[in-house]
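Q: Let me begin by handing over the structure; questions about it come next.
In the UniProt record's numbering, the protein residues as written are 1 to 193.
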């Protein structure tokens with residue numbers, strides 16, 4: 001009896017799924033289950049498509065039947081279809097213009113900085129750009145002041161740790177602010193007869 005497969009795959013929905021994530025999950029599934037047969041990979045790929053996605057792959061393969069294409073060729077067709085044509089300058093503009101949201105934690109800001117840098121093609125300068133954007137995206141205050149004390153050689157990950165630690169320290173020692181209102185009281189004294 002064959003061993004059961006490790007993990008499960010979700011159906012690829014043309015309207016709500018991300019092709020790159022689905023493809024990465026497929027590749028991990030194949031590795032985990034030691035599936036190397038190209039025909040089996042193709043069948044699993046096709047079987048995990050919803051009806052609209054199946055029609056899309058059918059149309060992209062035409063005039064060749066999609067069942068006659070290799071797994072690699074089918075994924076290339078889908079890669080090409082889903083590959084967004086992005087302007088590097090537009091992506092960098094979004095990167096440099098982004099700021100940390102007021103309610104966003106340092107950890108969330110770290111993840112967002114990484115995500116908006118994905119299509120910026122920074123190459124060897126990526127680490128420096130991430131670190132600098134992370135720092136410059138913070139609002140003025142004690143966390144930014146603490147980060148600005150660091151040396152220029154500090155890495156993005158280290159800077160993220162510095163911000164997270166400072167933010168945690170501020171949260172732990174936060175004293176509730178009590179607004180003091182001035183007390184003005186006029187006392188009237190009755191005149192003596």
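We put the CB at the ideal spot given by N, CA and C, even for glycine.
Keep in mind the model is a prediction, meaning the values are calculated, not measured.
Drop a sphere of 10 angstroms on the beta-carbon of residue 94, count the other beta-carbons inside from all chains shown, and report buried for 16 or more, exposed for fewer.
A: Mapped onto the chain shown, residue 94 falls at position 94. It counts as exposed.
Q: Taking all protein chains shown into account, decide if residue 148 is buried (16 or more other Cβ within 10 angstroms of its Cβ) or exposed.
A: Locating residue 148 in the chain shown gives position 148, where the first residue counts as 1. Its Cβ having fewer than 16 others within 10 Å, residue 148 is exposed.
Q: Which whole-angstrom value is the C-beta distance of residue 50 and residue 13, which I expect to be below 8 Å?
A: The sequence position of residue 50 within the chain shown is 50, counting from 1. The sequence position of residue 13 within the chain shown is 13, counting from 1. With a Cβ gap of about 5 Å, residue 50 and residue 13 count as contacting.
Q: Exposed or buried, residue 40, counting other C-beta atoms within 10 Å across all chains shown (16 or more means buried)?
A: Along the chain shown, read from residue 1 onward, the residue named residue 40 stands at position 40. Answer is exposed; the Cβ neighbour count stays below 16.
Q: State buried or exposed for residue 57, treating a residue as buried only when at least 16 other CB atoms are found within 10 Å of its CB.
A: Locating residue 57 in the chain shown gives position 57, counting from the first residue. Residue 57 comes out buried.
Q: Applying the 10 Å Cβ sphere with the 16-neighbour rule, what's the burial state of residue 21?
A: Position 21 of the chain shown, counting from 1, holds the residue named residue 21. Residue 21 is exposed by the Cβ-count criterion.
Q: Would you call residue 128 buried or exposed, if buried means 16 or more other Cβ atoms sit within 10 Å of its Cβ?
A: One-based indexing of the chain shown puts residue 128 at position 128. With fewer than 16 other Cβ atoms inside 10 Å of its own Cβ, residue 128 counts as exposed.
Q: Quick check on residue 48: does DSSP put it in helix, strand or coil?
A: Within the chain shown, the letter at position 48 stands for residue 48. In the structure shown, residue 48 sits in coil (DSSP, three-state: anything other than H, G, I, E or B).
Q: Can you round the beta-carbon distance between residue 120 and residue 153 to whole angstroms, since I take them to be within the 8 Å contact cut?
A: Position 120 of the chain shown, counting from 1, holds the residue named residue 120. Position 153 of the chain shown, counting from 1, holds the residue named residue 153. Actually they are not in contact, since the Cβ atoms of residue 120 and residue 153 sit about 22 Å apart, beyond 8 Å.
Q: For residue 1, I'd like the list of residues in its chain whose CB is within less than 8 Å of its CB, leaving aside the five on either flank, ordered along the chain.
A: For the purposes of this step, residue 1 is taken as the residue at position 1 of the chain shown. Confidence at residue 1 is low in this model, with a pLDDT of 42, below 50, so the placement of that residue should be treated as unreliable; the coordinate-derived value is given next. Taken in chain order, the list of residues that qualify is empty.
Q: Would you report the Cα separation of residue 53 and residue 168, rounded to the nearest angstrom?
A: Within the chain shown, numbered from 1, the residue matching residue 53 stands at position 53. Within the chain shown, numbered from 1, the residue matching residue 168 stands at position 168. Straight-line Cα distance between these residues: approximately 45 Å.
Q: Under 9 Å between the Cβ atoms of residue 61 and residue 77?
A: Counting from 1 along the chain shown, the entry for residue 61 is found at position 61. Counting from 1 along the chain shown, the entry for residue 77 is found at position 77. Yes, they are a contact pair.
Q: What runs of the alpha helix (DSSP H), each 4 residues or longer, lie entirely inside the region 82-114?
A: 88-97
Q: Which of helix, strand or coil does DSSP assign to residue 156?
A: As a position in the chain shown, residue 156 is number 156, starting the count at 1. Correct three-state label for residue 156: helix.
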